[in-house]
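Q: Heads up, my numbering is the position in the sequence shown plus 2, with the first residue counted as 1.
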Amino acid sequence: MERRSIKEEKYEKAMDRVKTERKFYLAIVRLLIFSILLFFLNDSILQLFIDRGLDNEHILYWVNWSLWCTPVIISIILLIKGLWLFVFKNKPLRKWEERRIKKIMKEEDSFEKYN
Numbered sequence: 003m004e005r006r007s008i009k010e011e012k013y014e015k016a017m018d019r020v021k022t023e024r025k026f027y028l029a030i031v032r033l034l035i036f037s038i039l040l041f042f043l044n045d046s047i048l049q050l051f052i053d054r055g056l057d058n059e060h061i062l063y064w065v066n067w068s069l070w071c072t073p074v075i076i077s078i079i080l081l082i083k084g085l086w087l088f089v090f091k092n093k094p095l096r097k098w099e100e101r102r103i104k105k106i107m108k109e110e111d112s113f114e115k116y117n
């Protein structure tokens with residue numbers, strides 16, 4: 003089995019990082035599109051319920067509330083994911099991963115010496 007160079011490993015890690023960031027930015031774009039559509043279609047959605055015979059004020063209030071809370075909850079989840087990705091991801095977890103990789107590589111080297 004051939005060992006990869008440090009440059010290849012760094013490139014692979016960078017590519018993984020870019021893919022993760024790209025997914026995060028796409029999620030933000032989807033949230034924005036969804037929120038804008040919901041903003042403009044909110045009255046139409048409520049009117050659809052009313053037209054179908056649902057005129058209970060409490061249920062309409064709940065539908066309206068849930069239509070607005072969905073993007074807010076998704077935004078909070080994306081905020082937490084963004085903080086993890088850009089603030090916390092590089093510090094403790096990355097250091098632990100590097101230590102673990104070095105330990106495993108050292109164990110493999112010592113195992114290869116005896117075989």
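Where a beta carbon is used, it is the ideal one built from N, C-alpha and C, also for glycine.
So Leu69 and Leu50 are supposed to be a Cβ contact under 8 Å. How far apart are they, rounded?
A: Not a contact, Cβ separation roughly 11 Å.
Q: Is there a Cβ from chain D that is less than 8 Å from the Cβ of Arg54?
A: In the structure shown, chain D does not exist; there is a single protein chain.
Q: Based on Cα-Cα distance, which residue from Trp98, Lys83 and Lys105 lies nearest to Arg24?
A: Closest option to Arg24, Cα to Cα, is Lys83.
Q: From Tyr13 to Leu28, what distance separates their C-alpha atoms?
A: Cα to Cα, Tyr13 sits roughly 22 Å from Leu28.
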